[in-house]
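Numbering (my numbering), first residue to last: 205 to 895.
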């Protein structure tokens, strides 16, 4: 989803297809986010993300040629069948509890026989939201590594809810009303789940509210309610060959279907993708485009077939790109095509992907004059579907920024792949659709801050801003990895990409960069991956593809350092050594400080000047918290001050501390104190990483 600028802060509720933001009005708002489902082009979302576990093994120094092979739908189905046949054994090997079961969601296979299987979990028959994990298995069947979305043990005291269902429904409808929804209704009755995406798992209800969002986008608001206390835990929006004379791409070939003397926009070569005309409607599938000839549109937005040709063409390009470049046949990998709907609403300045319909939907822009159907927009929306069916990155906080950036990254690479002279490949997002009204792009990957709101580099509070702006550092990383820093001209577009540390980055080329990002997304990322986890995952992917001593691996380190995530090799970085404590510690409300300890050993000399302190705290009002790192000699390093304006929930951040005056070995402590009343929380875990 793409969005126009808005500098007002939103509530924590994820508004994945909204074009404007509204101010945060209530002090004690529950955390909000999104498990990927409906993703629009212009949206707002605020929330902190959660850290992901690192891959279970280090890649070999030489690499192992680990690029995934292309699987036919039948081959993929067979691997899924095999995974289903052994999932009970896998759960036992992973040490899951007797009440936990695995549900196979996706599978990839490498050339050397390594298989990456992505699972969801259930607990006593209930879905575990935030319990996803990826298991890497060698060709011999041995488990080589596991990446988990949560480090917590999935267990609840009882699966019997104390809260009446009616109260969960009421809370969900109230949440929709707070977002100024139109005609909200309970579209799906509350279902019991185990909520594990933000700390200690709890029994909860998930309620889905339908209707429309404030800007006319269909609403599918998911609200998670504690089934014991009635507290709101989370919420998210779940709404992401004939001849075509297109609006943006010139005259192109389209794959269509003939039925008798009539042609229609059905692409039988790409999973049966169809393009429908909503004709300004906002519900249903619409009418399949058809006609007596195989010529579609005249290049003008006033001809309804022109935008349809763009959408049909963009879907075909995206299908071909993922199949030919990454070996994935269809968004789900099962050979089934999504479908497209054009001419949604009246003057609707947006586009969105929806899991519920497995489809892309496009508005016609201001004055119905600029349909949002350009190549990069189509690829952007379809990629939200890919992310949903692979990593499932929560559409909130740092993981939400990575989700949005992934769609920008592959929106750009599909545009390059197209090789269309009317819409040449570039690192600009939405440059054709004139959504700002002045001919400027929506986003710039070489220097994201040029749009006036996006961030060029990571900082500790980036998880609390709109995901379309927190996506900036990941977009910037991909540009640096592909093209390098400094001034250059590509396809007639001039770029000048800076770095956060002022040091140059040498690119490895887009072809290699896109392979690394795709592999990280599909085999290393989980629903809770944040920027630090993305660095870990992409380094693992680069190591597997090219080796840990390769120029590509070094370039990934340098590109991340160029956006202030990790250090460069030689000056720190290169993966590092991590020490971790995952024992939960309760934080008393307005009480004394509590401590969690980590003992560091085996390190020579002093700690580094860029010691990474990753903190995972669940708290209903993070502004109450003061957080310090206490060195072995008792010296305290302030990580976070209390602040009445810090209205977010939870602390899931990585801080960088100059601890070069401290001896590395010894007992380090995380000290946390709640300095005001009304809110409570706990330390879920924390870690120290020595580059």
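Just so it is clear, CB atoms sit at the ideal spot from N, CA and C, and this is done for glycine as well.
Would residue i be called buried (16 or more neighbouring beta carbons within 10 Å of its own) or exposed?
i	result
residue 615	buried
residue 585	buried
residue 453	buried
residue 394	buried
residue 703	buried
residue 777	No answer about residue 777 holds up, because its pLDDT of 36 lies below 50 and its placement is not dependable.
residue 645	buried
residue 559	buried
residue 761	buried
residue 240	In this prediction, residue 240 has a pLDDT of 34, which is less than 50 and means its spatial position is unreliable; what the coordinates show is noted afterwards. It counts as buried.
residue 354	buried
residue 873	buried
residue 462	exposed
residue 253	For residue 253, the predicted structure reports a pLDDT of 29, less than 50, and the residue's modelled location is therefore unreliable. The matter cannot be settled from this model.
residue 314	buried
residue 278	exposed
residue 384	exposed
residue 364	exposed
residue 799	exposed
residue 880	exposed
Secondary structure at residue i, three-state DSSP: helix, strand or coil?
i	result
residue 459	coil
residue 562	coil
residue 679	helix
residue 579	helix
residue 324	strand
residue 441	strand
residue 618	helix
residue 297	helix
residue 469	coil
residue 482	coil
residue 232	With a pLDDT of only 28 at residue 232, under 50, the local geometry of the prediction cannot be trusted, and no value is derived from it.
residue 590	helix
residue 448	strand
residue 692	strand
residue 639	coil
residue 882	coil
residue 535	coil
residue 571	helix
residue 687	helix
How is the alpha helix (DSSP H) around residue i delimited, first residue to last?
i	result
residue 714	714-727
residue 525	508-530
residue 737	735-750
residue 283	277-289
residue 371	369-382
residue 764	755-765
residue 671	671-674
Looking at chain D, is there any beta carbon in it that lies within less than 7 angstroms of the beta carbon of residue i?
i	result
residue 283	The chain labelled as chain D is not found in the depicted structure, where only one protein chain is given.
Please report the Cβ distance between residue i and residue j, rounded to the nearest whole angstrom; I am assuming they are in contact, meaning their Cβ atoms lie under 8 angstroms.
i	j	result
residue 469	residue 492	7 angstroms
residue 836	residue 782	About 18 angstroms separates the two Cβ atoms, so there is no contact after all.
residue 738	residue 606	6 angstroms
residue 793	residue 850	Between residue 850 and residue 793 the Cβ distance is about 17 angstroms, and since that is not below 8 angstroms, they are no contact.
Considering residue i, what are the terminal residues of the beta strand (DSSP E) in which it resides?
i	result
residue 800	798-804
residue 872	870-878
residue 599	Where residue 599 is concerned, there is no enclosing beta strand (DSSP E), given that its DSSP letter is neither H nor E.
residue 309	304-313
residue 888	885-894
residue 391	386-399
residue 816	815-823
residue 856	855-861
residue 197	Residue numbering for the chain in the displayed model covers 205 to 895; residue 197 lies beyond these limits and cannot be assessed.
residue 502	Element bounds for residue 502: n/a, residue is neither H nor E.
residue 654	Premise fails: residue 654 is in no beta strand (DSSP E) and is neither H nor E.
Between the options, which lies nearest to residue i when the distance is taken from Cα to Cα?
i	options	result
residue 412	429, 562, 795, 448	429
residue 892	824, 812, 846	812
residue 821	814, 833, 854, 803	854
residue 319	305, 388, 327, 282	282
residue 344	637, 317, 329	317
residue 731	601, 693, 289	601
residue 545	568, 308, 305, 334	568
residue 810	868, 792, 756, 795	868
residue 368	519, 638, 561, 396	396
residue 583	548, 515, 571	515
residue 310	592, 360, 398	592
residue 630	670, 663, 683	683
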